[in-house]
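Data first, discussion second: the structure below is written as structure tokens.
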Amino acid sequence: MRHILTFLLLSQFISAQNKSTLIQEKWVDSVYNQFSFEEKVGQLFMVAAYSNKNEAHNKSIDELISKYKIGGLIFFQGGPVRQAKLTNRYQSQSKVPLFVGIDAEWGLSMRLDSTYRYPWNMTLGAVQDLSLIEKMGQQMGQQSKRMGIHFNFAPVVDINTNPNNPIIGNRSFGEDKFNVAERAVALMKGFQSEGLFATAKHFPGHGDTSSDSHHTLPVVKFDKKRINDVELYPYKELIKNGLSSIMVAHLDIPSLEPRKGYPTSISYNVVTDILQNDLGFKGLIFTDALNMKGASNFKQPGDIDLEAFLAGNDILLFAENVPLAVEKFKLAFKEGKLSEERIAFSVKKILNYKYKTGLNNYKSIDINNLVEDLNKPEFDALNFDLYENAITILTNKDKIVPIKKIEKEKIAYVSIGNDYSDTFVKSLNKYTEVTEIKSDDLDELLVLLENYTKVIVGYHKADGAWKNHDLSFKELLWIDRIAKQKKTIVTFFTKPYSLLNIKNFSAIESVVLAYQNNDIAQITAADIIFGSKSAKGKLPVSINDNFEVNDGIVTQNLNRLAFGVPENVGMSSKTLAKIDSIANYAILNKMTPGAQIIVARKGVVVYQKSFGYMTYENKDKVENTNLYDVASLTKILSTLPNLMVQYEKGKIKLDTKLSTMLPIFKKTNKANITFLDLLTHQARLKPWEPFYKATLNSAGFPAEKYYRKTYTDEFSIQVSENLFLRKDYNDTIMKVIADSELLPKKEYKYSDFSFILMKEYLERITSKTLDELADDNFYSFLGTRSMTYNPLRKFDMRYIAPTEIDNYYRYTKVQGYVHDMGAAMQGGVSGHAGLFSNALDVAKMMQMFLQKGTYGGHEFFSEETMDVFNRCYFCKEGNRRGLGFDKPQLGEAGPTCGCVSLTSFGHTGFTGTMAWTDPEKEIVYIFLSNRTYPEAKTNNLSKNNIREKIQKVIYEAIIE
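Right under this line is the structure:
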């Protein structure tokens, strides 16, 4: 019974297929039979059209369509909307809808402005994951179909065995026939899966030429066997996999065409005998552009068209004089040189392809949202993946890449070449401090580099497929001298052939080949150098005797935060863009002067923006590098991780008593409070104490008993720019806490006291100050340069957001000094407040927590320790807190949007800050602001749930 059912289904499928074929044949025959001779011949021509020329040009195309019934257009330079409008115009005039083709080897941007640009074929030649190349083909197919384009004259399948080839070069996938074929097949499959016809070129092979067929007729001297074995190999593979069309080049190949200087494009032996008969190709055959000197120098317009058709080509590309060519065809037909059978063979083939692409039921191009559709964020996501898989490490002495122990490094950057390097420098500095060193004098430069442990050299040249990327003598000398003096990583944002002039690579620790000089290549190269991504690329061409095809070193991923776009990690850019509106609304309504926001998922920062200004005076815009007072985030970014280290060492346990940690509390009512109760905020401690009030005089100003306006040995604790507290006042703070009454009931009550005491404990047990501990144990390893106490010791005040106009204690603008009065009275270093940072550095800490204690190849504490501290111990009792970490609300009110997982954790801060991590969704969310400026009393940011609304958008943006 099962076999009968299978037979019936198969029969139905074959019947439907046959019916579809019959309908197609009927349409083709019907159209063909209505054609006059001139209309039949007109179908053979695909003429050049531009959307950046004047109306006279447009009208000349109108005439060719209406009078000569041409079959298609190949569009060149212009813009997408202009071209789409012209396409609609021209199609409306054509009796049979036109083919539209374009050279879009690396995307529509090869010809059109405001469209998307993908890597060159040579860059793709380094990519080992062929599914990425197929996906690129799919996206290019979607973009072309959106533009009403039916043919992409790609892929280029020339095997570039001549490094000096002036016209192919970067347009080739490389010099290995297998690599070229595999990538060409992948790209073709992508195109054709979206209904875009692929056109392989330049048959039979333009890869080993030393001249350009646009200007002359290049000679290929290989024998027939070599051409069959090498140059034709990709075509054989493409034909086996369903290639739609092939473009024949203008080449002089004596072994294939015995007539001296006779172009392959008009050679019957090449086009018919070899391509159609020997290779069995049944698809459409295009000439290369007939205006190219490789063809036009040989015969005049009209004659060259006829000769190309008689050779076996179906479509005559870029004919220079269609009216004259039609007359030549008429004469040849009249004289018997051209048969009806020959015309029907090509014209019916053309009509069959028009039917296949849906031109039997033509629909005009919708102009609405056209540019947006051609520049979707998922295209950027794929580009990031492509460069991550392309960038190639050729040498890597002592595994210098990725740079591991950044805490021991002092790194310099030197730019060489004549193109921009800004994105690369900014990206490197997201990992650790990398100082750009500039000098026009090599000797001076070498002196400036003396104190650095490593040098990263970037070779940046303008990103153009035909641009000269050769290293000059001066550039070679600079690289050589730098590499001989310092441990050097040289990153080439150029084509692989730029390495040919380097005869000896022995002085260079690491050679990184990034292939192209654009933002995504620069960001990804920095990611690989610092190990947030691993290098995977393989060299597509050989470099003298130094490197062979497929050379490439796979590097280690150190699990640092990388950088990409939302679609790289299953999120929607469009949805995340709603964050902008919420942030701008908060600023417009004076809930905060400005803010920094970061979203990371799966280890990739996909949203990093700054909004507003440092103050409401709107003078200094907030930048991603500005520092904010993170307030209570200090608890989980400084004190807590250091406590986790002590826990892991066995110095403290959950039941360890306060009297054990701090003996001064032995004879107090707090002696038996446990570590667990302290960190879960159920130790019955008071929420806070305004310690500063006891130091004010009767007029409410700092009393002379406690303060001086200048530093002295006795008054050494700086609380603001011109105010210094007695050095022994911390003893008073401890006594106030020790003597304070306990709350009557053991329940969840948030208190700063716990973390103030934990700072004392940490400093007692380690004999280091908390800021030293945080630096030594965490920040130096993480590369969190901005995360610091007392930031004015490292940063200029203009980089730090102010927190308040203080008119009750310090009577000044608080900027660069901690906002929290108690922390200020402890010298700016406390366990509950005092830390400053930018959002990215907070994200690094939170990512380390998400990764359960590891980051950058360094283990700070074990997974087990992280689990102990992220557990909700008293949820059943109504206490949501973890061990130091805040956790999601148990009811309706709480710190989050209510849409996070129960395993998530984080903290919020009084100055308008939030850091939250969700292990289940692999999300890190950071919000920093100075909502307390100019006054802290009214917290509209919190009342309007701004941080929570943004968090909700983040979760709505998750699409997979």
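Here the working numbering is used: the first residue of the sequence shown is 113, the next is one more, and so on. The beta-carbon is built from N, C-alpha and C at its ideal position, and this holds for glycine as well. Note that the structure is predicted; figures quoted are calculated from it, not measured.
Nearest by alpha-carbon distance to residue i: which of the options is it?
| i | options | result |
| --- | --- | --- |
| Met300 | Leu355, Gln634, Asp324 | Leu355 |
| Asp215 | Gly183, Thr311, Glu1004, Ser644 | Thr311 |
| Asp570 | Ser610, Phe865, Leu560 | As written in the sequence, residue 570 is Gly, which differs from the Asp given in the question. The option with the nearest alpha carbon to Gly570 is Ser610. |
| Ser325 | Ile186, Ile279, Arg876, Lys1055 | Ile279 |
| Val926 | Gln155, Gly302, Glu916 | Glu916 |
| Lys906 | Ala913, Arg897, Pro914 | Arg897 |
| Asp225 | Arg922, Ile177, Asp390, Asn164 | Asn164 |
| Ile186 | Ala401, Asp141, Ala298 | Ala401 |
| Gly219 | Ala238, Arg283, Asp417, Gln205 | Arg283 |
| Val383 | His314, Asn1056, Asp552, Lys449 | His314 |
| Arg371 | Ile397, Lys405, Phe410, Phe398 | Phe410 |
| Met960 | Asn264, Ala437, Glu1004, Thr1029 | Thr1029 |
| Lys461 | Glu137, Val681, Tyr1037 | Glu137 |
| Phe303 | Leu329, Ile339, Arg258 | Arg258 |
| Tyr985 | Gln195, Ser974, Lys747, Leu1002 | Leu1002 |
| Lys289 | Phe334, Val661, Ser305, Phe445 | Val661 |
| Leu134 | Tyr467, Glu369, Ser646, Asp341 | Tyr467 |
| Ser334 | Gly281, Val360, Thr273 | One detail in the question is off: residue 334 reads as Phe in this sequence, not Ser. Nearest C-alpha to Phe334: Thr273. |
Since residue i and residue j are thought to touch, with beta carbons under 8 Å apart, how far apart are those beta carbons, to the nearest angstrom?
| i | j | result |
| --- | --- | --- |
| Ile565 | Glu521 | A quick correction: the sequence has Thr, not Ile, at residue 565. Right, their Cβ atoms sit about 5 Å apart. |
| Thr1020 | Asp998 | 7 Å |
| Ala638 | Phe536 | 6 Å |
| Val269 | Tyr380 | About 22 Å; that fails the 8 Å criterion. |
| Ile503 | Ala626 | 5 Å |
| Thr751 | Phe867 | 5 Å |
| Val513 | Ser377 | Incorrect: roughly 47 Å between the Cβ atoms, too far for contact. |
| Leu739 | Ile912 | 5 Å |
| Tyr162 | Gly184 | Tyr162 to Gly184, Cβ: 15 Å. No contact. |
| Glu343 | Gly317 | 3 Å |
| Trp139 | Asn472 | 5 Å |
| Lys821 | Asn834 | 5 Å |
With DSSP run on the structure shown, which of helix, strand or coil describes residue i?
| i | result |
| --- | --- |
| His262 | coil |
| Glu1004 | coil |
| Ile665 | coil |
| Asn919 | coil |
| Leu855 | coil |
| Met300 | helix |
| Tyr474 | coil |
| Lys880 | coil |
| Met1026 | strand |
| Gly1021 | strand |
| Leu670 | coil |
| Gln938 | coil |
| Asp553 | coil |
| Ser949 | strand |
Check the DSSP bridge columns for residue i and list the partner residues they point to.
| i | result |
| --- | --- |
| Leu161 | First, the amino acid is wrong: residue 161 is Ala here, not Leu. Partner(s): Phe187. |
| Met683 | Ile1070 |
| Phe675 | Val717 |
| Gln830 | Phe836 |
| Pro814 | Leu808 |
| Trp800 | Paired residues: none, contrary to the question. |
| Arg820 | Phe836 |
| Val623 | Thr507, Val602 |
| Met359 | Phe398 |
| Lys566 | Ile523, Lys599 |
| Gln708 | Ser722, Leu1040 |
Less than 8 Å between CB atoms is the rule here; does residue i satisfy it with respect to chain D?
| i | result |
| --- | --- |
| Asp288 | This model lacks chain D altogether; it includes just one protein chain. |
- Message: Quick check: the stretch 430-441 against the stretch 350-367, are at least 3 beta-carbon pairs closer than 8 Å?
- Response: no
- Message: Quick test of the definition: if touching needs 3 or more C-beta pairs under 8 Å, does the stretch 671-688 touch the stretch 1061-1070?
- Response: yes
- Message: I want to know whether the stretch 695-705 touches the stretch 635-654 - three or more CB-CB distances under 8 Å.
- Response: no
- Would you check if there are 3 or more beta carbon pairs closer than 8 Å linking the stretch 938-947 to the stretch 711-729? no
- Task: Please confirm if the stretch 957-977 is in contact with the stretch 830-849, defined as three or more CB-CB distances below 8 Å between the two stretches.
- Result: no
- Counting pairs of Cβ atoms below 8 Å between the stretch 656-666 and the stretch 245-252, do you hit three or more? no
- Item | Stretch-stretch touch, CB-based, cutoff 8 Å, three pairs: the stretch 550-561 with the stretch 601-615 | no
- Quick one: any contact between the stretch 170-185 and the stretch 229-244, if contact means 3 or more CB pairs under 8 Å? no
- Taking 8 Å as the threshold, find out whether the stretch 664-673 comes into contact with the stretch 523-532 through three or more Cβ pairs. no
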